[in-house]
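Residue numbers (my numbering), protein chains in the order written: chain R, 1 to 163; chain D, 1001 to 1163; chain F, 2001 to 2163; chain A, 3001 to 3163; chain B, 4001 to 4163; chain X, 5001 to 5163. Working notes, structure below.
There are 6 protein chains.
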Amino acid sequence: MSDSFSHIDKKNQPKMVNVSEKSISKRNATAFARMFLGKEIISHFRMDELKTKKGPVFQTAIIAGIQAVKKTWDVIPMCHPLPINGVDISIEIADEDHIEILCSVFTEGKTGIEMEALHGASVSALTVYDMCKALSQKMVIKEIKLLNKTGGKSDYHLKAKEK
Amino acid sequence: MSDSFSHIDKKNQPKMVNVSEKSISKRNATAFARMFLGKEIISHFRMDELKTKKGPVFQTAIIAGIQAVKKTWDVIPMCHPLPINGVDISIEIADEDHIEILCSVFTEGKTGIEMEALHGASVSALTVYDMCKALSQKMVIKEIKLLNKTGGKSDYHLKAKEK
Amino acid sequence: MSDSFSHIDKKNQPKMVNVSEKSISKRNATAFARMFLGKEIISHFRMDELKTKKGPVFQTAIIAGIQAVKKTWDVIPMCHPLPINGVDISIEIADEDHIEILCSVFTEGKTGIEMEALHGASVSALTVYDMCKALSQKMVIKEIKLLNKTGGKSDYHLKAKEK
Amino acid sequence: MSDSFSHIDKKNQPKMVNVSEKSISKRNATAFARMFLGKEIISHFRMDELKTKKGPVFQTAIIAGIQAVKKTWDVIPMCHPLPINGVDISIEIADEDHIEILCSVFTEGKTGIEMEALHGASVSALTVYDMCKALSQKMVIKEIKLLNKTGGKSDYHLKAKEK
Amino acid sequence: MSDSFSHIDKKNQPKMVNVSEKSISKRNATAFARMFLGKEIISHFRMDELKTKKGPVFQTAIIAGIQAVKKTWDVIPMCHPLPINGVDISIEIADEDHIEILCSVFTEGKTGIEMEALHGASVSALTVYDMCKALSQKMVIKEIKLLNKTGGKSDYHLKAKEK
Amino acid sequence: MSDSFSHIDKKNQPKMVNVSEKSISKRNATAFARMFLGKEIISHFRMDELKTKKGPVFQTAIIAGIQAVKKTWDVIPMCHPLPINGVDISIEIADEDHIEILCSVFTEGKTGIEMEALHGASVSALTVYDMCKALSQKMVIKEIKLLNKTGGKSDYHLKAKEK
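Below is the structure:
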């Protein structure tokens, strides 16, 4: 880790840091989101029907997250555009109140892809919110964080006790 | 609140619900985000320099959040495009480890604007992450939620004890 | 119907025609697409498994079509941006070789919404193609056309014999 | 050709397949569209005037198609963003009722570019529709298909009898 | 004219000012751009050929400008999204060295549309640059300014001597 | 310099020229904009307050310019999408009436990046206009031009006397 802000120049103005001299490497990053939906909404996802509502809600959220990954450079002002080699998002029911989202992103570029993973996880969570908000608006995103990234100058793995 | 999912039809397929028959009203919504940055990063924002790093970091995050509000319909698949009359985002240092973000959005339309407020707050938080990530990647978004919305069929206000 | 091109001025230059003097009315339009997939791909959608591949393929295509409807003004150069009140897309297996797509769009504006319906149907078809192309690339979109539109100066309904 | 769907994982959820291990190669693809305009509209393009309407209509459609090629990753949810090295679109009057569109796209990447070619051809056709719709709405896109692609694991060429 | 900055709040942070209380009116604005191309490029536009290069260069620039008008809210951070009722862009050869561009935009909204007109004129000029840059890179945009706007609290017309 | 237009084919139709055979090189380009604001607006930026309005106005303009650089391929129809390795924008008060903007862009690609630099400079200028227009609408962009580019087939440097 550096001891300075990457996207601010000496005059305290924002800039998009020049990564021309960095070399290209295969990189990936995984972000995690945890979201409170409440028992009522979760029960709609567990009901023993042939087709529950879980299908369209989670699939819409996964698709939205994948598309958000590709648009990260357009949403976060200082993010470099990066080639996106793959995106894998899963959404699981964690307990009777919560879902958990994992978003893994793969690239081959000059700078890390953690913002893409975090952006994908957060948009998937917001899309679940949008699909369920007619039932309740007490939903809360409880956590969005980086689990790990590899392939850059230094890898990062959240320690077990921090998870 | 209804007892069903708004964007799913009878065959369990996603659809963008038809709001043609709803009337137009002035509406607003406010979302809240709380984010752990850690003492090291927060200290950079508090240092008694003429110009601290807080300026460019928070301003970039506010601008990114305002732009994200306007793009919510493009990011959340079932969101209706809505006229955006105004956006007001503030970011405050809450304590020596955390910042808090408020995002208020104003519209005049046929459906609520809560997704826009939540999206603006989450993108502001992610932008702070991006601007600070060279210092530490242990930052965590700890909470994103709706504080209140007014102007629709039913208003919503988070109760004090839930805040 | 007029006897002239709407988006070309007297000097033969493209222009976005000024609709300021037109009044706002509720409008809708429905477009239709028919696509050859072939027996092999269709058989994957009919197999008597608990979960067939039809679910994720058709849902991804429906979501892509809904989002495309909202972006029509950005893709078709002379299209006016219009408020989108609702979008309803269905995809059916028509026979052992073909699927059929219906895309209905609802607005309240000064100009017709047929381009949005046609754009949504075509992007849904292309998304099915993308999801199935590892199986075969002999897929062909056989037809994209307007079925009907209402709410403008003159309604339009495809006659039965033309369907 | 594979015997499976590329963008669906084992749990039947959509995913953007990881192409990290594939090698980069020069690739191109050409798509074809055929569209019924009818004698009246076609006659406007053939009239022996110094400047016919054909110019602005076809040029607007070509420009729209080129821009659509570049946006394919944003419109088709599972498409990888690819560098676009070149786009060549031509529109010809095929007979007194029809036009034909060819869209060729060139890239250098890890995955094929056929969706870009198909998307470009379809948006060019829709733009012609938009420019001519004040004259008639009986226009029909009669065919959109892939003519050939080269540079990937296996080339594809539509056989003559299928053309 | 006010004596303050519209998009900055009391704490000197950017905000998108709330126009909810303003009433909707028909508005238009016209912007002007003047660009030096030089004798060589201009001569290509004047040559007495049946089809000169002027056609595709100016038409591409007009189409790009029209599309830019529609995207102004996405490019200028504090701009409100506005309905666009019409756009009219003309490009003329002013003398043997220069072209002049006029961009007129029509809306019906709560706030002025001058940024849309200025944005359309500037993107048309940049597109001419892009189309001609293989011939010379000495082109210079010499002026972009607002000519007039009507329909708001106060009209604005550039005085003759200032033109 | 060539003696022809790069994006026009033999039939005078626009095309996006195929750069497949060109080799990749490190490239950069710098554009310059000069803008008349007038004494009143400039005085707001010079006032001896702890925090002047200059901060949020210039920072918003810099951020808008950086984001515009990344979107050049979407705004200028024939521009190839290019990887953006870095963007550096500075805005200075030139005299009591004017500001000057420099926009430098870095890439590693098959074609030049001058349009990105020119686009970034022009959007920064337009954003300053938007932030100040409540004070006066007599602002004028007086000049946008390329200062230099390196890394392509031939470098370009504006000669001193032309500056």
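Ideal placement from N, C-alpha and C gives every residue a C-beta, glycine not left out.
Short CB-CB distance (under 8 Å) between residue i and chain X
| i | result |
| --- | --- |
| P3056/A | no |
| I3041/A | no |
Through-space distance from residue j to residue i, alpha-carbon basis
| i | j | result |
| --- | --- | --- |
| G5109/X | P5083/X | 7 Å |
| I2062/F | I3101/A | 26 Å |
| F5106/X | I5113/X | 8 Å |
| E3021/A | S25/R | 12 Å |
| M3078/A | V3019/A | 12 Å |
| D3088/A | M3035/A | 19 Å |
| D2009/F | V2017/F | 9 Å |
| H119/R | N2148/F | 40 Å |
| S4043/B | F5005/X | 13 Å |
| H80/R | G3038/A | 48 Å |
| I4093/B | V140/R | 59 Å |
| L158/R | K145/R | 9 Å |
| D5097/X | N12/R | 24 Å |
| I91/R | F58/R | 7 Å |
| G2086/F | N2028/F | 9 Å |
| V111/R | T72/R | For the sequence presented, residue 111/R should be read as Thr rather than Val. For T111/R and T72/R, the distance between alpha carbons rounds to 14 Å. |
| G3151/A | S3023/A | 11 Å |
| K53/R | K3153/A | 39 Å |
| D3095/A | S124/R | 49 Å |
| Q5137/X | R5046/X | 20 Å |
| D4048/B | H7/R | In this prediction, D4048/B scores a pLDDT of 49, lower than 50, which makes its location untrustworthy; no coordinate-derived value is stated. |
CB contact below 8 Å: residue i versus chain F
| i | result |
| --- | --- |
| T60/R | yes |
| K3053/A | yes |
| T3150/A | no |
Chain A contact for residue i (CB, 8 Å cutoff)
| i | result |
| --- | --- |
| I4063/B | yes |
| K70/R | yes |
| G5020/X | Note that residue 5020/X is Ser in the sequence shown here, rather than Gly. Chain A contact via Cβ: present. |
| Q137/R | no |
Residue-level contact to chain R via CB, residue i, 8 Å cutoff
| i | result |
| --- | --- |
| L5050/X | At L5050/X, the pLDDT of 45 sits below 50, so the modelled position is not reliable and the matter cannot be decided from this model. |
| S1122/D | yes |
| D3074/A | yes |
| F5066/X | One detail in the question is off: residue 5066/X reads as Ile in this sequence, not Phe. So yes, I5066/X belongs to the interface. |
| V1140/D | yes |
Distance between beta carbons of residue j and residue i, contact taken as under 8 Å
| i | j | result |
| --- | --- | --- |
| A33/R | E116/R | The Cβ separation is near 14 Å, so there is no contact. |
| L2126/F | S3122/A | 6 Å |
| C3103/A | I3041/A | So it is not a contact: roughly 21 Å between Cβ atoms. |
| T5060/X | P4056/B | That belief does not hold up - the Cβ atoms of T5060/X and P4056/B are roughly 36 Å apart, past 8 Å. |
| A1064/D | V75/R | 7 Å |
| V4128/B | I4099/B | 7 Å |
Interface flag, residue i vs chain B, CB-CB below 8 Å
| i | result |
| --- | --- |
| F1106/D | yes |
| K2110/F | yes |
| K1026/D | yes |
| M1115/D | no |
Cβ of residue i within 8 Å of any chain D Cβ
| i | result |
| --- | --- |
| C132/R | yes |
Residue i CB to nearest heavy atom of the ligand FMN below 7 Å
| i | result |
| --- | --- |
| K3133/A | Inclusion of the ligand FMN in the displayed structure is not the case, the ligand content being empty and no account of it being possible. |
Cβ of residue i within 8 Å of any chain G Cβ
| i | result |
| --- | --- |
| T4127/B | Reference to chain G is not applicable here, since the protein chains of this structure are R, D, F, A, B and X. |
**Study point:** Complete alpha helix (DSSP H) runs within the region 4078–4142 of chain B (minimum length 4 residues, chain order)
**Key:** 4114–4132
Exercise for review: For the region 4004–4017 of chain B, enumerate the residues whose C-beta is nearer than 7 Å to any C-beta of chain D, in chain order.
Suggested key: Q4013, P4014, K4015, M4016, V4017
Point to revise | alpha helix (DSSP H) segments (min. 4 residues) lying fully within the region 1027–1070 of chain D | key: 1039–1046, 1054–1070
Point to revise | chain A contacts from the region 2076–2090 of chain F (Cβ-Cβ distance under 9 Å) | key: I2076, P2077, M2078, C2079
Practice item. Could you name the residues of the region 3090–3103 of chain A whose beta carbon sits closer than 8 Å to any beta carbon of chain F, in the order they occur along the chain? Key: none
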